[in-house]
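Protein chains: 2
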Amino acid sequence: MLFYMISTGIWHFADSLPVVAPHNRITLGEGHTPLIASSSIGAELGLSQLYFKLESLNPTGSYKDRISAMALSLAKQSGKTACIGTTSGNAGASIAAYAAKAGIPYHVYVQENIIPAKLEQVLVHQAHVYKVKGLGFDPAIGTKVFEQVRDKAIRNNWEAVITAFAYAPLAMEAVQTIAWEIADQLGVPDAVFVPVGGGGLFSGIYKGFHRICEQNKASKLPRMGACQSAGCSNLVRGWQQGLGQPAAGASTSMISGIQVSNPPDADIVFEALDSSQGVGSIVADEETWKWQRELARREGIYCEPAGAISLAGLVQAVETGRINRTDKIVCIVSGAGYKDLEQQRLMVQEAAATIPLYDADQL
Amino acid sequence: MLFYMISTGIWHFADSLPVVAPHNRITLGEGHTPLIASSSIGAELGLSQLYFKLESLNPTGSYKDRISAMALSLAKQSGKTACIGTTSGNAGASIAAYAAKAGIPYHVYVQENIIPAKLEQVLVHQAHVYKVKGLGFDPAIGTKVFEQVRDKAIRNNWEAVITAFAYAPLAMEAVQTIAWEIADQLGVPDAVFVPVGGGGLFSGIYKGFHRICEQNKASKLPRMGACQSAGCSNLVRGWQQGLGQPAAGASTSMISGIQVSNPPDADIVFEALDSSQGVGSIVADEETWKWQRELARREGIYCEPAGAISLAGLVQAVETGRINRTDKIVCIVSGAGYKDLEQQRLMVQEAAATIPLYDADQL
Numbered sequence: 393m394l395f396y397m398i399s400t401g402i403w404h405f406a407d408s409l410p411v412v413a414p415h416n417r418i419t420l421g422e423g424h425t426p427l428i429a430s431s432s433i434g435a436e437l438g439l440s441q442l443y444f445k446l447e448s449l450n451p452t453g454s455y456k457d458r459i460s461a462m463a464l465s466l467a468k469q470s471g472k473t474a475c476i477g478t479t480s481g482n483a484g485a486s487i488a489a490y491a492a493k494a495g496i497p498y499h500v501y502v503q504e505n506i507i508p509a510k511l512e513q514v515l516v517h518q519a520h521v522y523k524v525k526g527l528g529f530d531p532a533i534g535t536k537v538f539e540q541v542r543d544k545a546i547r548n549n550w551e552a553v554i555t556a557f558a559y560a561p562l563a564m565e566a567v568q569t570i571a572w573e574i575a576d577q578l579g580v581p582d583a584v585f586v587p588v589g590g591g592g593l594f595s596g597i598y599k600g601f602h603r604i605c606e607q608n609k610a611s612k613l614p615r616m617g618a619c620q621s622a623g624c625s626n627l628v629r630g631w632q633q634g635l636g637q638p639a640a641g642a643s644t645s646m647i648s649g650i651q652v653s654n655p656p657d658a659d660i661v662f663e664a665l666d667s668s669q670g671v672g673s674i675v676a677d678e679e680t681w682k683w684q685r686e687l688a689r690r691e692g693i694y695c696e697p698a699g700a701i702s703l704a705g706l707v708q709a710v711e712t713g714r715i716n717r718t719d720k721i722v723c724i725v726s727g728a729g730y731k732d733l734e735q736q737r738l739m740v741q742e743a744a745a746t747i748p749l750y751d752a753d754q755l
Numbered sequence: 393m394l395f396y397m398i399s400t401g402i403w404h405f406a407d408s409l410p411v412v413a414p415h416n417r418i419t420l421g422e423g424h425t426p427l428i429a430s431s432s433i434g435a436e437l438g439l440s441q442l443y444f445k446l447e448s449l450n451p452t453g454s455y456k457d458r459i460s461a462m463a464l465s466l467a468k469q470s471g472k473t474a475c476i477g478t479t480s481g482n483a484g485a486s487i488a489a490y491a492a493k494a495g496i497p498y499h500v501y502v503q504e505n506i507i508p509a510k511l512e513q514v515l516v517h518q519a520h521v522y523k524v525k526g527l528g529f530d531p532a533i534g535t536k537v538f539e540q541v542r543d544k545a546i547r548n549n550w551e552a553v554i555t556a557f558a559y560a561p562l563a564m565e566a567v568q569t570i571a572w573e574i575a576d577q578l579g580v581p582d583a584v585f586v587p588v589g590g591g592g593l594f595s596g597i598y599k600g601f602h603r604i605c606e607q608n609k610a611s612k613l614p615r616m617g618a619c620q621s622a623g624c625s626n627l628v629r630g631w632q633q634g635l636g637q638p639a640a641g642a643s644t645s646m647i648s649g650i651q652v653s654n655p656p657d658a659d660i661v662f663e664a665l666d667s668s669q670g671v672g673s674i675v676a677d678e679e680t681w682k683w684q685r686e687l688a689r690r691e692g693i694y695c696e697p698a699g700a701i702s703l704a705g706l707v708q709a710v711e712t713g714r715i716n717r718t719d720k721i722v723c724i725v726s727g728a729g730y731k732d733l734e735q736q737r738l739m740v741q742e743a744a745a746t747i748p749l750y751d752a753d754q755l
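Sequences listed follow chains A and B, in order. So for the first sequence, our numbering puts the first residue at 393; every next one is plus one. So for the second sequence, our numbering puts the first residue at 393; every next one is plus one.
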């Protein structure tokens, strides 16, 4: 029996993160997520070293918890009296939990038809929720709401928490800890595939590996794989077409969490793809749902659809010959299955409808 | 930046667990759960050292994952072709996930009116589910079903997985890792409060601390606090009344997961209470629901009701003067909030009904 473990969340890496005094550090045990070797899907794809990084096992079920831990600690340190933002669900549940832990009120704007289960996961932590007509559909309304977030934050000495480097660069630094943990668990891999909506997760992981290279702890970046839905592929298309900005077009994707048609972190995403011999994958929602099912059925990993698009994108890259089958590859599984209960019901409705009912004597 | 972490789940403690060859060890990253210091509730109760052990952050959201990792590894090692059992939900979701990871089919009997969300979490991993009339209500049917589980397991070379020391003592050894992790994170505490249904979780934690004492790594057991619902308090009443067996009476508790009127691990529970100057708490379901809400609102910890009964039981012990307020105390939070979506809806229905709707111009 060994005695070694201490649960310090992202603060294990405090020396490499924005400075927060120990008494201001908030943690709910985020990070230190498992890296699990594939037992079935990798072999079928002919991949010899496939791993899943289970960000779905963070305290509120998504990688957002790393950002929230940093954001609320910064808010506490600078004496902010509340925090404020917008959410489609996961960031809101995460910030609400960490705000509760910090004893700081959280005000959050959501779209009128937010998924009920996602709303509930925000409300259990007693956040102050406000619905806004047209938010999530009309880009002009989105801009207006964001201006309100900024204005109210400045006017009231509140912390604005938006999970993008473009808006909250210090809090987003915490996303790098994903890369640092992978490097520690496995060494720097040959390729990392990441779900991409606004680009913050992808950018943070790239920055983390970039830092490792800067410190001469590795000689080469992993190839960064950006995985987007065919219904919302503005970043990958913008990069592939050399536009220097996201391609245009509203989102028609059904995958909650990555429906971001005006991705704020485009510049870092393009830099990462350019400098790492990156790979862009654009996959149909049906493929993402298929790999979500396969992860649950064959690997025992139950994630939300957005968490499976990294695997769907990798499969496409392998089948089109853009990835070496002997490479050491990590797929980021960004969020937990229970985040999307509508999809859960669809996944199992056929099986649920055909469960036999027996008398105990008939078994 | 430090590089230290490897995700080996319960196998970090392999030297102290039943022998499983490395190539037969199954893990999804269970264990290594956070131990979080209370930031608000402890101070209000006048407790100087209150901690929460978040078993809710295991891969499928409950401590059962530690047992499943061991059970499926043992099944694989002994060449079993399937596993079989019964469940009210959490064990089933856990075993189903680990069976999927191991590539071993899982057959499971459930009651006719199993909570839909709990059923879905079993089905996503493609378990073979069978409903049985009267299971969960009629003890005679429960006995019959259990005989079927044993008979089928023996006849077919399947592994019977029932999460109790009385039925699966080797797999249950893995529960001790909770105690070993706490000892590592904090040292051996003065008291540990545990949700008690069948008694397996409580027994395993006691055994883990007992082992630490046997190895002379600690001089004293923590006081073991057994927390039961007033609607299903057969173990605590049996101990308090000196019956030498559980008290009689069907369960009327509404708290899913601890409604066990014929607890199989009574002998170990009584031994633990006797030898550790133990404490029994019997709390009304309303108290448990109240502390579930308070944990979410004030500590950022969202657990299912059964996971909050350890805190409810501690509060009772403190208020009745049975626990020293300066003691180092750990409450085990056994399962995640998303396990009980009916309760989730109840928790937030008032808040959800009063969310204001604004035009963006009105904000």
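From the three backbone atoms N, C-alpha and C, an ideal C-beta is built for every residue, glycine too.
Backbone secondary structure at residue 753 of chain B - three-state DSSP: To locate residue 753 of chain B, count along the second sequence from 1; it is residue 361. Helix.
Taking all protein chains shown into account, do 16 or more other C-beta atoms lie within 10 angstroms of the C-beta of residue 615 of chain A, making it buried, or fewer, making it exposed? As a working mapping, residue 615 of chain A is identified with position 223 in the first sequence. Buried: at least 16 other Cβ atoms inside 10 Å.
Quick check on the DSSP output: the beta strand (DSSP E) that includes residue 334 of chain A runs from which residue to which? Since the first residue of chain A shown is 393 and the last is 755, residue 334 of chain A is not available in this structure.
Go ahead and label residue 703 of chain B buried or exposed: buried means 16 or more other beta carbons lie within 10 angstroms of its beta carbon, across all protein chains shown. The count along the second sequence starts at 1 and reaches residue 703 of chain B at position 311. Flag for residue 703 of chain B reads buried.
Please look up how many angstroms separate the CB atoms of residue 660 of chain B and residue 620 of chain B, rounded, as I've assumed it's under 8 Å. Residue 660 of chain B sits at position 268 when you count from the first residue of the second sequence. Residue 620 of chain B sits at position 228 when you count from the first residue of the second sequence. So it is not a contact: roughly 15 Å between Cβ atoms.
Candidates B:618, B:693, B:750: which alpha carbon is nearest residue 725 of chain B's? By 1-based counting over the second sequence, the position of residue 725 of chain B is 333. Among B:618, B:693, B:750, the Cα nearest to that of residue 725 of chain B belongs to B:693.
Beta carbon proximity, residue 734 of chain B to chain A, threshold 8 Å: Translated into the one-based positions of the second sequence, residue 734 of chain B becomes position 342. No, residue 734 of chain B does not count as interfacial toward chain A.
Could you tell me which whole alpha helix (DSSP H) segments of length 4 or greater appear in the segment 521–565 of chain B? 531–548, 561–564
Helix, strand or coil for residue 587 of chain A? Go by DSSP, reduced to three states. For this step, residue 587 of chain A is matched to residue 195 along the first sequence. Strand, per DSSP.
Within 10 angstroms of the Cβ of residue 549 of chain B, are there 16 or more other Cβ atoms? Answer buried if so, exposed if not. Indexing the second sequence from 1 puts residue 549 of chain B at position 157. Note on residue 549 of chain B: under 16 other CB atoms within 10 angstroms of its CB, so exposed under the neighbour-count rule.
In chain order, what are the residue ranges of uninterrupted alpha helix (DSSP H) at least 4 long that sit wholly in the segment 586–620 of chain B? 592–606
Residue range of the beta strand (DSSP E) that residue 455 of chain A falls in? Here residue 455 of chain A corresponds to residue number 63 of the first sequence, with the count starting at 1. No beta strand (DSSP E) holds residue 455 of chain A; DSSP gives it neither H nor E.
Work out the CA separation of residue 528 of chain A and residue 546 of chain A for me, nearest whole Å. Your numbering for residue 546 of chain A matches position 154 in the first sequence. Your numbering for residue 528 of chain A matches position 136 in the first sequence. Answer to the nearest angstrom: the Cα atoms are 24 Å apart.
Considering just the uninterrupted stretch of the beta strand (DSSP E) at residue 672 of chain B, what are its terminal residues? As a working mapping, residue 672 of chain B is identified with position 280 in the second sequence. Residue 672 of chain B -> beta strand (DSSP E) spans 671–675.
Quick one: is residue 431 of chain A near chain B, going by C-beta distance under 8 Å? For this step, residue 431 of chain A is matched to residue 39 along the first sequence. So, interface residue.
Contact list for the segment 507–524 of chain A against chain B, Cβ threshold 7 Å: 511, 512, 515, 516, 517, 518, 521, 522, 523, 524
In chain order, what residues of the same chain lie with their CB nearer than 7 Å to the CB of residue 431 of chain A, ignoring the 5 residues before and after it? As a position in the first sequence, residue 431 of chain A is number 39, starting the count at 1. Contacts found: 691.
Closest by C-alpha distance to residue 745 of chain A, when choosing among B:504, B:496, B:613, B:608: One-based indexing of the first sequence puts residue 745 of chain A at position 353. When only C-alpha atoms are compared, the closest one is B:504.
Just how far apart, CA to CA, sit residue 448 of chain B and residue 447 of chain A? In the second sequence, counting from the first residue as 1, residue 448 of chain B sits at position 56. In the first sequence, counting from the first residue as 1, residue 447 of chain A sits at position 55. So the alpha carbons of these two residues sit roughly 15 Å apart.
Range of the contiguous beta strand (DSSP E) that encloses residue 444 of chain A: Start at 1 with the first residue of the first sequence, and residue 444 of chain A comes out as number 52. Element bounds for residue 444 of chain A: 441–446.
Just checking, does the segment 484–493 of chain A make contact with the segment 561–570 of chain A on the three C-beta pairs under 8 Å criterion? no
Of all Cβ atoms in chain A, is any one closer than 8 Å to the Cβ of residue 395 of chain B? Within the second sequence, the letter at position 3 stands for residue 395 of chain B. Summary for residue 395 of chain B: the model assigns pLDDT 36, below 50, so the residue's position carries little reliability, and this model does not support an answer.
Please report whether the beta-carbon of residue 424 of chain B lies at a distance below 8 Å from any beta-carbon of chain A. If you number the second sequence from 1, residue 424 of chain B lands on position 32. Yes, residue 424 of chain B counts as interfacial toward chain A.
Of the residues A:410, A:651, A:454, which one's Cα is nearest the Cα of residue 727 of chain A? Counting from 1 along the first sequence, the entry for residue 727 of chain A is found at position 335. The shortest Cα separation from residue 727 of chain A among A:410, A:651, A:454 belongs to A:454.
According to DSSP, simplified to helix, strand and coil, what is residue 503 of chain B? Taking the second sequence and counting its residues from 1, one reaches residue 503 of chain B at position 111. It is a strand residue.
Considering just the uninterrupted stretch of the beta strand (DSSP E) at residue 722 of chain A, what are its terminal residues? The residue labelled residue 722 of chain A in the question sits at position 330 within the first sequence. Counting along the chain, the beta strand (DSSP E) containing residue 722 of chain A begins and ends at 720–725.
Residue 755 of chain A versus residue 526 of chain B: straight-line alpha-carbon distance, rounded: Against the first sequence, residue 755 of chain A aligns to sequence position 363. Against the second sequence, residue 526 of chain B aligns to sequence position 134. Cα to Cα, residue 755 of chain A sits roughly 13 Å from residue 526 of chain B.
Unbroken alpha helix (DSSP H) run spanning residue 435 of chain A, endpoints: Against the first sequence, residue 435 of chain A aligns to sequence position 43. If you look at residue 435 of chain A, you'll find it in the alpha helix (DSSP H) that goes 433–437.
Exposure label - residue 479 of chain B; buried when at least 16 CB within 10 Å: Your numbering for residue 479 of chain B matches position 87 in the second sequence. Buried, since its Cβ has 16 or more Cβ neighbours within 10 Å.
Name the residues in the segment 401–425 of chain B whose C-beta lies less than 8 Å from a C-beta of chain A; which are they? 401, 404, 405, 407, 408, 419, 420, 421, 424, 425
Which residues in chain B sit within 9 Å of residue 537 of chain A, going by Cβ to Cβ distance? For the purposes of this step, residue 537 of chain A is taken as the residue at position 145 of the first sequence. The answer, in chain order, is 752, 755.
Where residue 737 of chain B falls, given that 16 or more other Cβ within 10 Å makes a residue buried: Numbered from 1 along the second sequence, position 345 holds the residue referred to as residue 737 of chain B. Classification for residue 737 of chain B: exposed.
For residue 420 of chain B, the three-state DSSP class (helix, strand or coil): Your numbering for residue 420 of chain B matches position 28 in the second sequence. Coil, per DSSP.
Beta carbon of residue 524 of chain B, beta carbon of residue 511 of chain B: below 8 Å? Position 132 of the second sequence, counted from the first residue, corresponds to residue 524 of chain B. Position 119 of the second sequence, counted from the first residue, corresponds to residue 511 of chain B. Going by C-beta atoms, residue 524 of chain B is not nearer than 8 Å to residue 511 of chain B.
Return the CA-CA distance between residue 405 of chain B and residue 418 of chain B, expressed in angstroms with no decimal places. For the purposes of this step, residue 405 of chain B is identified with residue 13 of the second sequence, where counting begins at 1. For the purposes of this step, residue 418 of chain B is identified with residue 26 of the second sequence, where counting begins at 1. Their backbone Cα atoms lie some 13 Å apart in a straight line.
Give me the Cβ distance between residue 640 of chain B and residue 591 of chain B, rounded to the nearest whole Å; I'm assuming they're in contact under 8 Å. Numbered from its first residue, the second sequence carries residue 640 of chain B at position 248. Numbered from its first residue, the second sequence carries residue 591 of chain B at position 199. Between the beta-carbon of residue 640 of chain B and that of residue 591 of chain B there is about 16 Å, and that puts the pair past the 8 Å contact cut.
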